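One structure is given here, and the rest of the page talks about it.
Residue numbers (this note's numbering): 803 to 1022.
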């Protein structure tokens, strides 16, 4: 296990690139959240990634990043909700080699996870998406760096256009990081396509755990 000093890269840190992307027109409404220093250190040590990597930069330098005024949330090391505590609560960091790591979500209950082999043994390191309207994980065929680039500079509606008609899609202010919308009937069900589903706010980590159970993913 590498020490904290070995993981902190002062020569080529990843945060300046993130700040550069946040100047793009597509990143309007994006915000870096304040971090908890002790939690940031613990997370970096647990993940064993350097701050040169963008995952390391997000978890060590930020409390997370919210995109599109809080619709999309990249988990960092904030006091309200963090990558480390969320994954621990769901049971995803119980082993030294976690099968997946939850790295982001959206207010509709969609999940983004870094594949450690639990989703596809041939695409370790890719980001997978479990959309609010889907019951299967889909590989985005990119790693965390390109995923973060898409979040801040890419075509947001390329992913979210099918959900744009939901009444909560543009309902602002969006929920805080620790909450998401839950829909009934489930958005991926045939019933939800016949009539508009109802929605309510639920704890984000509980909802993530429920979704993992529904899709048949066993935690560590």
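All residues carry an ideal CB built from backbone N, CA and C; glycine is no exception.
Here the structure is a predicted model, which is why all the values come from computation and not from measurement.
Asked	Found
First and last residue of the alpha helix (DSSP H) that includes residue 868?	No alpha helix (DSSP H) contains residue 868, which is instead part of the beta strand (DSSP E) from 866-869.
Nearest-angstrom Cα distance between residue 874 and residue 812?	29 Å
Could you give the DSSP three-state label for residue 805: helix, strand or coil?	coil
Residue 1010 to residue 931, Cα distance in whole Å?	12 Å
Could you tell me the boundaries of the alpha helix (DSSP H) in which residue 844 lies?	839-849
Would residue 809 and residue 946 be called neighbours here (beta carbons separated by less than 8 Å)?	no
Per the DSSP calculation, residue 962 is bridged to which residue(s)?	According to DSSP, residue 962 bridges with nothing at all.
Are the beta-carbon atoms belonging to residue 919 and residue 926 less than 8 Å from one another?	yes
Looking at residue 954: is its Cβ nearer than 8 Å to the Cβ of residue 869?	yes
Tell me which same chain residues have a C-beta within less than 6 Å of the C-beta of residue 985, skipping the five on either side of it?	999, 1001
What did DSSP end up calling residue 1016 once you bin it into helix, strand or coil?	helix
Do the stretch 838-845 and the stretch 875-888 make contact, defined as three or more Cβ pairs closer than 8 Å?	yes
Would you say residue 943 and residue 957 are within 8 Å of each other, going by their C-beta atoms?	no
State the Cα-Cα distance for the pair residue 909 and residue 835, rounded to the nearest angstrom.	17 Å
Could you work out which residue in 871, 878, 872 is closest to residue 859 when comparing CA atoms only?	878
Relative to the C-alpha of residue 849, which candidate in 804, 825, 817 has its C-alpha closest?	804
Per DSSP, residue 914 is paired with what?	906, 931
Since residue 821 is in the alpha helix (DSSP H), which residue starts that stretch and which ends it?	817-823
Counting only runs that start and end within the stretch 942-1005, where is the alpha helix (DSSP H) found for 4 or more residues in a row?	946-955, 959-962, 992-996
Using the Cα positions of residue 981 and residue 1005, report the straight-line distance between them to the nearest angstrom.	5 Å
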